[in-house]
Every structure is written in C-alpha cells, then in structure tokens.
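S.K.: Have a look at the structure that comes next, please.
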C-alpha cells in the first residue's frame, strides 16, 4: 500500500468517535461544537429543523498528519427514552466530504458513519460512540466511551459540573487505547470540557454553544 | 498548538458573558393578578444543558409570560399572560418539540 495512502488513512482514522456531545438540538436550534485534543481539532456547526434531525458543516484538522476533512454531517435521533429520572438516546451520524491529505496529493472523497448512544440521570452519565470511516483504500472503525458523575447536583440555570473518564480505541493509531479524565462544565447554552489524554500527554478542550 | 491556544482563549472569552449572566426566565415578572399558572409534569428532565430547549421553545409561545424548569421535580412551570389560554394538546406539542415527553398538566396552581 502506498505510504501516502496509509498515512492519510491513519489521519482519517484519527477522525475520532467523539463521545462528548449530543448532535441534535431542539427544533429550530443552532449548535456549534468544537473539539481540540492532541490528535485533531474539529468544528461542527449544525441546524436542527426538527427535534430528531440536524445537518451541518463538519471540518476536522489532523495535527499529526496535517490533513483536513471538510464536509457535511447529518445526525438523526433514532430513538429517545424519556423516563421520570433518566433519559436515553440513540443517534445515527453520517458524513461525506473531501479529505485533503499531504501537500502534492490530490484531495479525495471521504465519508464516515457512526452510531452513538447515551444514558443519563441527574447523577450519572454513560455514553458509547462507534464510527466507521471509508477513505479510499483505508477503512477503519474507532470506538469511544464515557462514564461521568456529577459530584454536585445543581438546579436549573446554575453552573453544573461533571467529572468524566473517556476511553477511546483507534486500532490504527500509534496508541490504540487512550484514556482521558476530564471535567465538564455547563451553564445556560454553553458547555465546556477540559481534560488530559494520558497516553498522548495532550490537553483536551471542547466547547458547545446552542443558540 | 497556536490554534489550540487561540481556540481555548476564544472559548474562555465566550464563556465569560454566559457565566456572568443570569438568564431571565424568558420574560418580565408576572403582572399583579396575572394569568393562569400551569405545571407540566415532564419525563426526561435530567440535564440542564438540554433542558434549555424548553425555555426556548415554550417561552417563545405567544400565550406564555414566564417559564421555569424544575429538574429535581421533573416539572415545567408555565405562567400565562393575563387572558391567554394554552390547552394540553398545545403544551404536549411544545414539550415534544423541545425533545421531552409530557406526562400530565396541573392547572390553576397556586402562586
């Protein structure tokens, strides 16, 4: 396999399966989601025409490989379970666009698909995300999971704090398994996460703004 | 890394107004002798960040003067404008549009 394809594939494999954010907002809502970690930075700006669908721009820059993916991402809330003390969600995500690899190499069409699920109470949060990528000769799957606990249960409108642990598996990466302890804060329409990936020795900073 | 630092700074700056701002409950205080007060019992109310949708969706309704979400009780208190009405079907539609499930509506709740 030509090295440039392998390297590009690894870069696209670094299209993480972010377990951090619910990709569908309320009907008529806009959301901006930005993620930064040792492997990549991404921006997803989407509009939710309904409470079960959203579509928007997704851009990702891989720092190690200096490659960019630009495209559209569609998200579907497949099923939501609303219970008195909890909420569960199942999402489907689909993206298509262009991956722009090394200098001198032409950009190629690329796509990804994923499934995400989460379950939350006022005290505990768990999520799982799996994403499959198709970039020419490279086809790979990555996984991510989170477990979170709210040390203090705040009331509506106050500052909320969660302690979380994220575990990711990127089979083609130099470090296939990474662990990231992180803190999540949110108040009103703004959510911020900060953490540290132990294996990569890199900080994580994500934010989401709903408007 | 420069980009990460710039993005971190922008995130911190954008967070400052949100942290310093106590979000109003969608409108001015109820007038003396205000309208009907409803309490919607809602399932799925566990996340403040997501429940902001209720304040947005319900608060935009013409008949609504004020909205308050109580996560611990799973309730949405809706203060209507004087003379305005909102039937259960309309409330159910608003709650569903916000992404939640309506269980029941209590009417003429004491202030």
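Residue numbers (my numbering), protein chains in the order written: chain A, 1 to 211; chain B, 212 to 322. Every residue gets a Cβ at the ideal spot worked out from N, C-alpha and C, and that includes glycine. All of these numbers come straight from a predicted model, not from anything done at the bench.
May I ask you to report which of helix, strand or coil DSSP gives residue 13 (chain A)?
M.R.: Annotation note: pLDDT 38 at residue 13 (chain A) (below 50); position unreliable, coordinate value reported separately. Residue 13 (chain A) falls in the helix class under three-state DSSP.
S.K.: Relative to the C-alpha of residue 38 (chain A), which candidate in A:179, A:188, A:183 and A:187 has its C-alpha closest?
M.R.: It is A:179.
S.K.: Quick check on residue 306 (chain B): does DSSP put it in helix, strand or coil?
M.R.: In this structure, residue 306 (chain B) counts as helix in the three-state DSSP scheme.
S.K.: Please name the residue in A:143, A:119, A:140 and A:172 whose C-alpha comes closest to that of residue 257 (chain B).
M.R.: Of the listed residues, the one whose Cα sits closest to residue 257 (chain B) is A:119.
S.K.: With 16 other CB atoms within 10 Å as the buried threshold, where does residue 306 (chain B) fall?
M.R.: Classification for residue 306 (chain B): buried.
S.K.: Have a look at A:147, A:68, A:127 and A:193 and flag the residue whose alpha-carbon is nearest the alpha-carbon of residue 42 (chain A).
M.R.: That would be A:68, whose Cα lies nearest to the Cα of residue 42 (chain A).
S.K.: Residue 309 (chain B) versus chain A: which residues are under 9 Å apart at the beta carbon?
M.R.: Per Cβ cutoff of 9 Å: 26, 27 and 51.
S.K.: Per DSSP, what kind of secondary structure is residue 260 (chain B) in: helix, strand or coil?
M.R.: Note: residue 260 (chain B) maps to helix in three-state DSSP.
S.K.: Below 8 Å, how does it come out for the region 105-113 of chain A and the region 75-85 of chain A: are there three or more Cβ pairs, yes or no?
M.R.: As far as the Cβ criterion goes, the region 105-113 of chain A does not touch the region 75-85 of chain A, which means the pair count is below three.
S.K.: Comparing alpha-carbon positions, which option in A:40, A:36 and A:56 lies nearest residue 30 (chain A)?
M.R.: With distances taken between Cα atoms, residue 30 (chain A) lies closest to A:56.
S.K.: What residues of chain A sit near residue 315 (chain B), judged by a beta carbon separation below 7 Å?
M.R.: Chain A residues near residue 315 (chain B): none, gap ~12 Å exceeds 7 Å.
S.K.: Quick check: the Cα distance between residue 126 (chain A) and residue 89 (chain A), rounded to an integer number of angstroms?
M.R.: Roughly 11 Å separates the two Cα atoms.
S.K.: Have a look at residue 144 (chain A) and residue 318 (chain B) and give me their C-alpha separation to the nearest angstrom.
M.R.: In a straight line, the C-alpha of residue 144 (chain A) is about 45 Å away from that of residue 318 (chain B).
S.K.: List the residues of chain A that residue 270 (chain B) touches, going by C-beta distances under 8 Å, in chain order.
M.R.: Those within 8 Å of residue 270 (chain B) in chain A number zero; the least Cβ separation is about 12 Å.
S.K.: Could you tell me whether the Cβ atoms of residue 276 (chain B) and residue 290 (chain B) are closer together than 7 Å?
M.R.: Yes, the Cβ-Cβ distance between residue 276 (chain B) and residue 290 (chain B) is below 7 Å.
S.K.: So with Cβ pairs under 7 Å, would you call residue 92 (chain A) a contact of chain B?
M.R.: Output row for residue 92 (chain A): interface = no.
S.K.: Use the C-beta contact count for residue 168 (chain A): other C-beta atoms within 10 angstroms, 16 or more gives buried, fewer gives exposed.
M.R.: When all chains shown are included, residue 168 (chain A) counts as buried.
S.K.: Residues bridged to residue 181 (chain A) by DSSP?
M.R.: Residue 181 (chain A) is bridged to A:165.
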